[in-house]
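Following: one structure in structure tokens, then a few remarks.
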Amino acid sequence: MKIEGCNVWQHAAGDDGRDYVDLCLKWGVILNGPGHLGRWPDCRQRLHDEGWSAKKLSDLRRFSEDMVDGDIVVLRLGTKVVAAVGVLIGGYEWCDAFGDVDGWLLQHVRRVRWYWVGPQTFETYALKLGDT
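Using our numbering, the first residue of the sequence shown is number 88, and each one after it goes up by one.
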């Protein structure tokens, strides 16, 4: 989906068992992992060697390469809550400060300027337009 020349991405900030919405809003970020093997794309082969799926590697590639400055991000929680909407600022970063978020290795980072903060709840799976 495009709005006036920019892509619209949905990004999960957890689910019923883990909720990182407040972390994303506080620090103005969206996070992805695993990031324990360093920056993308340098970590690609090592992640493959550890047994991470092609689907996960594709997800990290899109997060690091396809998302661009000015794209819109819909931050969701689970399958029915939109927590916030913002715009990406700058490029991909790897940040070890997010290396242990409740045991999750989320060092792949994109900065976001949040313009709307909800939450807004929808019917279950109304937001399921594909992977994060």
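The beta carbon of each residue, even a glycine, is placed where N, CA and C say it ideally should be.
Every value quoted in this text rests on a predicted model; they were computed, and no experiment measured them.
For residue j and residue i, the rounded distance between their alpha carbons
i: I117; j: G138; result: 24 Å
i: S151; j: W127; result: 7 Å
i: L147; j: H195; result: 8 Å
i: L102; j: G173; result: The amino acid occupying residue 102 in the given sequence is Asp; Leu does not appear at that position. D102 and G173: Cα-Cα distance of roughly 19 Å.
Residue i, buried or exposed, once every other Cβ within 10 Å from all chains shown has been counted against 16
i: D158; result: buried
i: H98; result: buried
i: G122; result: buried
i: H135; result: exposed
i: W96; result: buried
i: Y179; result: buried
i: R105; result: exposed
i: F185; result: buried
Short Cβ contact (8 Å threshold) for residue i with residue j
i: L164; j: V108; result: yes
Nearest-angstrom beta carbon gap, residue j and residue i [assumed within contact, 8 Å]
i: V169; j: G125; result: Not a contact, Cβ separation roughly 32 Å.
Open item on the list: Just to confirm the assignment: which complete beta strand (DSSP E) runs, minimum length 3, are found wholly within the segment 128-174?
Closed with: List check, beta strand (DSSP E) in window: 159-164.
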